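A.B. asks: The structure follows.
Numbering (UniProt numbering), first residue to last: 1 to 452.
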């Protein structure tokens with residue numbers, strides 16, 4: 001039976017031969033969301049190449065189309081005709097973001113400073129995720145919010161007649177909160193300033209500048225970043241915007257190649273923005289054979305090809321201050337740690353509690369189900385590995401509708417002694433629709449669970 005939207009797709013991965021070949025991962029998810037947002041807002045026509053065509057990103061595109069942007073696909077190029085800053089239209093229906101937390105939070109910021117109403121809905125997973133971290137600063141700008149308990153979806157917002165520019169110190173390391181406030185500031189008079197004590201991914205700042213926004217970024221004596229945006233300025237379309245490969249997606253073939261004996265894989269066109277390379281830095285400390293080749297600049301971002309070979313890994317302590325640069329990669333790092341000599345300690349993981357699932361708890365349960373020694377703390381995880389994978393695997397992992405949990409434990413199954421199953425693979429399409437075919441092309445064995 002073919003799976004439907006309501007039918008789970010259990011999948012299992014098992015050890016096969018070495019992984020070999022060259023692959024190119026989908027476009028970066030963070031940049032793809034912002035391409036639709038900024039392209040849909042800027043005056044003129046933006047042409048985007050390499051956009052991630054996952055369900056999360058397409059939900060953001062549909063939301064922008066509902067507010068006046070004209071979006072179409074011409075071959076492998078997405079063509080976006082924007083409305084102009086300050087000229088979004090009130091959506092006539094609800095804005096359905098499915099599983100897209102980034103899309104929902106950033107779009108709340110974008111429309112929050114408009115004098116109209118918008119209702120946000122999502123799937124069961126997104127409806128459990130907290131939105132208060134974004135809504136709190138928007139309320140300071142005059143936004144009215146009607147929401148369920150805990151500021152969760154479904155919720156409606158209505159902007160003020162004139163939004164108040166604010167100076168906001170982000171209380172947690174969150175690129176989404178920073179970006180939502182800056183996006184709201186685009187339609188507010190005067191200067192909106194975000195103070196960021198811990199640096200997070202800076203795609204919003206780079207892309208806003210690329211689209212012509214007046215933006216000033218400075219650092220104070222304590223190392224905090226101050227991002228000041230002049231509101232109500234003109235945004236101009238970018239004629240040719242190329243989205244580099246997503247490092248969070250590259251993490252899966254990268255770790256698989258490191259832990260499957262004999263593997264030799266090249267991953268092309270990977271984003272190397274320093275705010276996103278924490279996993280590569282950590283794996284190199286663990287002894288990984290990763291050659292960073294063909295460094296270049298595309299669309300204002302640093303990119304490179306990664307040549308990855310099977311490696312003997314050793315456990316390390318990952319400093320908590322590295323978490324913002326690899327927050328989405330901890331699940332697959334835990335899988336790499338399961339094959340390392342010694343113990344890997346990961347700290348500063350409190351943000352994992354509020355992702356698509358409680359990722360920290362989900363990873364710990366998945367490790368337990370597959371015989372991997374670990375210890376879960378309130379904001380930490382330690383994993384003690386078995387380098388040859390002997391005795392590991394054999395479990396079935398609950399993904400909790402989380403695409404990164406699903407892919408991480410399928411990678412585990414590619415190297416463990418016994419197969420590893422997941423309860424549902426459908427949500428992988430939210431960020432990496434090509435995952436299954438790409439990994440199979442490298443030599444991985446991924447099969448539907450018998451009887452499903």
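For glycine and all other residues, C-beta sits at the position ideal for the given N, C-alpha and C. Every value quoted in this text rests on a predicted model; they were computed, and no experiment measured them.
Specify the secondary structure class of residue 166 as computed by DSSP and reduced to three states.
C.D. replies: Coil at residue 166, not helix or strand.
A.B. asks: Report buried or exposed for residue 19, applying the criterion of at least 16 other Cβ atoms within 10 angstroms of its Cβ.
C.D. replies: By the neighbour-count rule (16 or more Cβ atoms within 10 Å), residue 19 is buried.
A.B. asks: Quick check: what's the CA-CA separation for residue 189 versus residue 226?
C.D. replies: Looking at the two C-alpha atoms, the distance is approximately 18 Å.
A.B. asks: When the distance is taken between beta carbons, is residue 40 closer than 8 Å to residue 69?
C.D. replies: Contact flag set, yes.
A.B. asks: For residue 142, collect the residues of the same chain with a Cβ closer than 6 Å to its Cβ; drop the 5 residues on either side in sequence, then sort them by chain order.
C.D. replies: Around residue 142: 160, 163, 164.
A.B. asks: Could you tell me how far apart the beta carbons of residue 155 and residue 147 are, in whole angstroms, since I believe they sit closer than 8 Å?
C.D. replies: Indeed they touch by this definition, with Cβ atoms about 4 Å apart.
A.B. asks: Per DSSP, what kind of secondary structure is residue 24 in: helix, strand or coil?
C.D. replies: Three-state DSSP puts residue 24 in a strand.
A.B. asks: What are the start and end residues of each continuous beta strand (DSSP E) run of 3 or more residues lying completely inside the region 177-204, in chain order?
C.D. replies: Entirely contained in the region 177-204, the beta strand (DSSP E) runs reaching 3 residues are, in chain order, 191-196.
A.B. asks: With which residues is residue 30 paired in a DSSP beta bridge?
C.D. replies: DSSP, once it has assigned bridges, lists no residue as partnering residue 30.
A.B. asks: Would you check if there are 3 or more beta carbon pairs closer than 8 Å linking the region 385-396 to the region 409-419?
C.D. replies: At 8 Å Cβ cutoff, the stretches touch.
A.B. asks: Using only the alpha-carbon positions, how far apart do residue 1 and residue 181 sit?
C.D. replies: Since pLDDT at residue 1 reaches only 26, below the 50 mark, its modelled position is unreliable, and no value is offered.
A.B. asks: Candidates 270, 260, 402: which alpha carbon is nearest residue 443's?
C.D. replies: Among 270, 260, 402, the Cα nearest to that of residue 443 belongs to 260.
A.B. asks: Can you tell which of 202, 212, 38 has its C-alpha closest to the C-alpha of residue 218?
C.D. replies: Taking only the C-alpha atoms, the option nearest residue 218 is 202.
A.B. asks: Among residues of its own chain, excluding the 5 on either side of residue 309, which ones have a beta-carbon nearer than 6 Å to its beta-carbon?
C.D. replies: So the list reads 264, 289, once near-sequence residues are dropped.
A.B. asks: Write down the C-beta distance between residue 48 and residue 77 rounded to the nearest angstrom, noting that I regard them as a contact closer than 8 Å.
C.D. replies: Going by Cβ atoms, the distance from residue 48 to residue 77 rounds to 7 Å, so yes, they are a contact pair.
A.B. asks: Pick from 60, 280, 108, 192: whose alpha carbon is nearest that of residue 118?
C.D. replies: Measuring from the Cα of residue 118, the nearest candidate turns out to be 108.
A.B. asks: Using C-beta distances below 6 Å, list every residue in its chain close to residue 351, excluding the 5 sequence neighbours before and after it, in chain order.
C.D. replies: 327.
A.B. asks: Ordered along the chain, which non-local residues of its own chain (more than five positions away) have a Cβ less than 8 Å from that of residue 303?
C.D. replies: If we look at residue 303 and ignore the five residues flanking it on each side, its Cβ neighbours are 244, 245, 269, 270, 271, 272, 295, 296, 297.
A.B. asks: Would you mind working out which of 431, 25, 74 sits nearest residue 46, comparing C-alpha positions?
C.D. replies: Here the closest residue by C-alpha is 74.
A.B. asks: I believe residue 85 touches residue 125 by the beta-carbon criterion, under 8 Å. Please report the beta-carbon distance rounded to the nearest angstrom.
C.D. replies: Rounded, the Cβ-Cβ distance is 32 Å, inconsistent with contact.
A.B. asks: Using only the alpha-carbon positions, how far apart do residue 110 and residue 292 sit?
C.D. replies: Going from the Cα of residue 110 to the Cα of residue 292 covers about 36 Å.
A.B. asks: Using alpha carbons as the reference points, say which of 64, 59, 21, 145 lies closest to residue 122.
C.D. replies: Minimum Cα distance to residue 122 is reached at 59.
A.B. asks: Have a look at residue 379 and residue 324 and give me their C-alpha separation to the nearest angstrom.
C.D. replies: About 14 Å.
A.B. asks: Just checking my contact of residue 448 with residue 10 at CB under 8 Å: how many whole Å lie between their CB atoms?
C.D. replies: Contact holds; Cβ gap of about 7 Å.
A.B. asks: Measuring CA to CA, which of 365, 42, 329 is closest to residue 233?
C.D. replies: Looking at the Cα atoms, 42 is the closest of the given residues.
A.B. asks: If you drop the 5 nearest sequence neighbours on each side, which residues of the same chain put their C-beta closer than 6 Å to that of residue 4?
C.D. replies: Residue placement at residue 4 cannot be trusted, given a pLDDT of 40 that sits under 50; the coordinates are not used to answer.
A.B. asks: Ignore the nearest five residues each way along the sequence and tell me which others in residue 389's own chain have a CB closer than 8 Å to its CB.
C.D. replies: Result list for residue 389: 15, 259, 338, 339, 415, 416, 417, in chain order.
A.B. asks: Here's a check: name, in chain order, each residue in its chain whose Cβ is nearer than 6 Å to the Cβ of residue 200, leaving out the five neighbours to either side.
C.D. replies: Closer than 6 Å at the Cβ level, and outside the excluded window around residue 200, lie 173, 175, 324.
A.B. asks: How would you label residue 36, buried or exposed, when you count the other beta carbons within 10 angstroms and need 16 or more for buried?
C.D. replies: Answer is buried; the Cβ neighbour count reaches 16.
A.B. asks: Pull up the DSSP beta-bridge partners for residue 219, would you.
C.D. replies: According to DSSP, which records beta bridges pairwise, residue 219 is partnered with 225.
A.B. asks: Which residue spans inside the region 88-116 form an unbroken alpha helix (DSSP H) run of at least 4?
C.D. replies: Complete alpha helix (DSSP H) runs here, min 4: 101-112.
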